């Protein structure tokens, strides 16, 4: 099996799930309907270590129908990627596992926060107002460098916006 880059980020603040699953039920991971993702309720915060070993990740839906953005907009991804989403009363948790068949070619440059480099990266965009026009972006590279921004109604990114969030790669 090719190496995998694990990412776990915790976004601090109120978490508002679309639906509220019972924390006592532990079904196997499920696939989500197109265009929808149901977050798993965490009875305890997962450890921020980039691994999928916490119980909440075993209950969370597997998201694996991604589209590539660069170099080809809406292109078919060349590598396998999976994500899972969970929440508790205060936080939203996102686990991303990104496999790479050529791990020696992964680029993760160390830089200051909010400094986007030519590194490989994972981006999580949240349409927090569910208006498909505004939102918030969270980016991390393999070195753990964080970038965050607000997306304005005109599609521009406001890099002055800073959130409180933690990440492990």
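Residue numbers (the numbering used here): 66 to 234. Ideal placement from N, C-alpha and C gives every residue a C-beta, glycine not left out. Nothing here was measured: the structure is a model prediction, and the numbers come from that model.
CB-CB length for residue 200 against residue 192, believed under 8 Å:
Approximately 5 Å separates the beta-carbon atoms of residue 200 and residue 192; this is inside 8 Å, confirming the contact.
Measuring alpha carbon to alpha carbon, tell me which of 175, 113, 150, 209 ends up nearest residue 127.
150
Is it buried or exposed for residue 137, if we count other Cβ within 10 angstroms and need 16 for buried?
exposed
Test item: CB-CB of residue 228 and residue 213 under 8 Å
yes
Helix, strand or coil for residue 114? Go by DSSP, reduced to three states.
coil
Among 182, 225, 198, 111, which one has its Cα closest to the Cα of residue 123?
111
How far does the beta strand (DSSP E) with residue 162 in it reach, from first residue to last?
156-164
Does residue 122 come out as helix, strand or coil in the three-state DSSP assignment?
helix
Inter-residue Cα distance where the pair is residue 160 and residue 117
7 Å
Residue 148 to residue 184 span [Cα, whole Å]
20 Å
Where residue 179 falls: helix, strand or coil (DSSP):
coil
Return the CA-CA distance between residue 221 and residue 204, expressed in angstroms with no decimal places.
16 Å
List the endpoints of the continuous beta strand (DSSP E) containing residue 216.
211-216
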